[in-house]
Amino acid sequence: MDRPRITIFDTTLRDGEQSPGCSMNVQEKLRLAQQLDRLGVDVIEAGFPIASDGDFEAVQSIAASLRRPIIAGLARACAGDVDRAWQALQGAAHPRLHVVLATSDIHLKYKLRITREKCLEQAREAVRHAKSLCADVEFSPEDATRTDVAFLCQVVEAVIAIGATTVNIADTVGYSMPEEYGQLIRTLRERVDGIDKVTISTHCHNDLGLAVANSLAGVQAGARQVECAINGIGERAGNASLEEIVMAMRVRPDRYPYETAIASEQLFPSSQMLAEITRVPVQPNKAIIGRNAFAHEAGIHQDGILKNPLTYEIMTPQSVGVPDSRLVLGKHSGRHALALRCEQLGHQFERRELDEVYRRFVVLADRIKKVQDSHLLELIQDVTSGGDGKSDSGGQSKKFPPAGATRPFPRAAVAGANANDSHPAQVSGSAGQATVSIPLTDHRSEQEDYLWGV
Ligand SMILES: [Zn+2]
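Position in the sequence shown (first residue = 1) + 770 = our numbering.
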């Protein structure tokens, strides 16, 4: 029997970018979007076009350059937002308009200051308008998990009747519990007319550390799209972590018999690229892609791992793209090994660029015994930004701290070998911050901030 296919909707560039310190400029977003394409996500939420010219441009350039994935643009439930999002999506091969409107009484009363009747009408109008422009329309009742269930059913039914193709049940404040969230999805499936014709989506925040558990409960209850972000970044405590959701399904198909199109060996490179661009490090013990996720310190574990990795590993580091730490880069390494490691870190080069990276690598490797990922990332950054190569002075300079990328994941045989690496948290990211040209505070008023987001 075929396993149900789960649509992976990546919101790293939209919800993720809303996390403090995670702003990205247009070029950085495009670069990350290209990596998300390699990763195989089905939908890329590229931004919130009306929020700023920078967001608009980012959505526009991603829409114009990626042909395979669906590109979504976020809009609040009003014509101005929808029109702006649609304008940004003009070049997309597969555009999606994502319309959001809060539905919980607390949001209606204190934030939007509208009645339920007005909310219902506004949702209808916005979806009708979006549908007149784009066949693929997603509607998100914001704060759905704190919305009166009967009213939520009414709103969802109304937008489906008008033509929404995906309904996204947002646990905006990370309040839900797994069994409760699953039950909500089941209730919608039982009570809402026409829901079997559309895709039900999850969008869970991690305020109680349950974003992934809630998303998986949603899938078990019938949701077929999961909204998530690389490294679990997102508003406050973040979004459901893409890598955890994908690997939970892959490692435990007995409990989660679902398919995704994710190329799991691209998970680590994607995580590294995001950390490098935002300079926000990944916590060392982060599941799947943290630097300790495959490190074995205790002697008894090391002994077991050497005898048979299955003793302590439920998945291989290679399956999620963690580079084989036994591949040590030194002055005897060739171009091939260098290119491979660059690729594992999320950088693919044309021959001429690789020649330049290699030239500098040899100079550096001559000075220091072992070239760590951090040195390599610094060097790559220097080459790609057209620097003169003077920063690669024996790894002393930390001009470009590669957040979370400083250790090549020691496994049993080499555990602790790289323990003297500097931790990215010790390094000021001020040099890197200069390239982040669109801080959110510059382009979105507090009032607006308060009014949007799922
Ligand atoms: Zn959100």
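We put the CB at the ideal spot given by N, CA and C, even for glycine. All of these numbers come straight from a predicted model, not from anything done at the bench.
Query                                                                                                                                                                    : Result
Does the distance from the C-beta atom of C812 to that of P839 stay below 9 Å?                                                                                           : According to the sequence provided, residue 812 is Asp. The question's Cys does not apply to it. Cβ atoms of D812 and P839: closer than 9 Å.
What do you reckon, are the CB atoms on Q892 and A847 nearer than 9 Å?                                                                                                   : yes
Within the same chain, show all residues whose beta-carbon is closer than 6 Å to that of E912, passing over the 5 residues directly before and after it, in chain order. : V870, A872, A940, T942 and V1224
Three or more C-beta pairs under 8 Å: does that hold for the region 1023-1043 against the region 801-810?                                                                : yes
Within 10 Å of its beta-carbon, does H1145 have 16 or more other beta-carbons around it, so buried, or fewer, so exposed?                                                : buried
Beta carbon of T972, beta carbon of N938: below 9 Å?                                                                                                                     : yes
Hey, is T936 close to ligand 1, as in C-beta under 8 Å from one of its heavy atoms?                                                                                      : no
Considering just the uninterrupted stretch of the alpha helix (DSSP H) at I884, what are its terminal residues?                                                          : Where I884 is concerned, there is no enclosing alpha helix (DSSP H), given that its DSSP letter is neither H nor E.
Do L986 and M947 have their C-beta atoms closer together than 9 Å?                                                                                                       : no
Buried or exposed: P1051, going by 16 or more other Cβ atoms within 10 Å of its Cβ?                                                                                      : buried
Apart from the five residues on each side of it in sequence, which residues of its chain come closer than 7 Å, Cβ to Cβ, to R1214?                                       : Confidence at R1214 is low in this model, with a pLDDT of 39, below 50, so the placement of that residue should be treated as unreliable; the coordinate-derived value is given next. The answer, listed in chain order, is A821 and S822.
By DSSP's criteria, T782 is part of a beta bridge. Which residues make up the other side?                                                                                : Looking at the DSSP assignment, T782 forms no beta bridge with any residue, so it has no partner.
Ligand 3 and T942: does any heavy atom of the ligand fall closer than 8 Å to the residue's C-beta?                                                                       : Looking for ligand 3 in the displayed structure turns up nothing; the ligands present are ligand 1.
Excluding five sequence neighbours on each side, which residues of the same chain lie with their C-beta closer than 7 Å to the C-beta of E949?                           : A987
Quick one: what does DSSP say A1185 is sitting in, helix, strand or coil?                                                                                                : Only weak support exists for where A1185 lies, its pLDDT of 34 falling under 50; the value from the coordinates is given anyway. Of the three classes helix, strand and coil, the one that applies to A1185 here is coil, per DSSP.
Give me the Cβ distance between A863 and R837, rounded to the nearest whole Å; I'm assuming they're in contact under 8 Å.                                                : 5 Å
Please state the DSSP three-state secondary structure of R1006.                                                                                                          : coil
Do we get a CB-CB distance below 9 Å when we pair A920 with the residues of chain C?                                                                                     : Of the protein chains in the structure, only one exists, and it is not chain C.
With distances taken between CB atoms, is the gap from I1059 to E1013 smaller than 9 Å?                                                                                  : yes
Would you kindly report the start and end of the unbroken beta strand (DSSP E) that includes V869?                                                                       : P865 to A872
Does any heavy atom of ligand 1 sit closer than 8 Å to the C-beta of T957?                                                                                               : no
Just checking my contact of E815 with R784 at CB under 8 Å: how many whole Å lie between their CB atoms?                                                                 : 4 Å
For I841 and Q1053, I'd like the C-alpha separation in whole angstroms.                                                                                                  : 29 Å
Cα-Cα, which of L867, N984, E960 and I932 is closest to D944?                                                                                                            : Residue identity differs from the one stated: residue 944 is Gly in this sequence, not Asp. Per the Cα distances, N984.
Quick one, which of L1134, C1112 and I1000 has its alpha-carbon nearest L1147's?                                                                                         : C1112
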